[in-house]
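This report refers to the structure that appears directly beneath it.
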Amino acid sequence: MTTAPVPDLSCRELVELVTDYLEGSLPADERTRFELHLTYCAWCRTYLAQMRQILERAGELTEASLAPEARDALLATFRDWKKDPGESA
7 MTTAPVPDLS
17 CRELVELVTD
27 YLEGSLPADE
37 RTRFELHLTY
47 CAWCRTYLAQ
57 MRQILERAGE
67 LTEASLAPEA
77 RDALLATFRD
87 WKKDPGESA
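Here the working numbering = 1-based position in the sequence shown + 6.
Put into structure tokens, the structure is as follows:
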């Protein structure tokens, strides 16, 4: 029995899937493509490591540790990002 080749994942696709990967919610076939891409793409391995660090650091933040201006700026940036789902990374 032979298995079908795993279609390649682009760096852009990996960026779009990174949150689902880190949350463990990627379907098995997508996770396989994601992890295969990481084996040969140093840029994406670095990106994944950076995302892990960001999430770790963000988890350490408390509302009191963030200046109100910084909080407002972050929320505005997030809202703007969510408004235009057609924008690519």
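Backbone N, C-alpha and C fix where the C-beta goes; we use that ideal spot for every residue, glycine too.
All values derive from a computational prediction rather than experimental measurement.
Residue Leu20 holds the alpha-carbon nearest to the alpha-carbon of Leu42 among Leu20, Gln59 and Glu29. The segment 49-56 makes no contact with the segment 72-82, as fewer than three CB pairs between them are under 8 Å. DSSP places Ser71 in the helix class (H, G or I) of the three-state scheme.
Exclusion of the five residues before and after Ala73 leaves no residue of its chain whose Cβ lies closer than 7 Å to its Cβ.
Secondary structure note for Leu42: its alpha helix (DSSP H) is the uninterrupted segment Ala34 to Tyr46. Put simply, the backbone Cα of Arg77 is about 15 Å away from that of Arg63.
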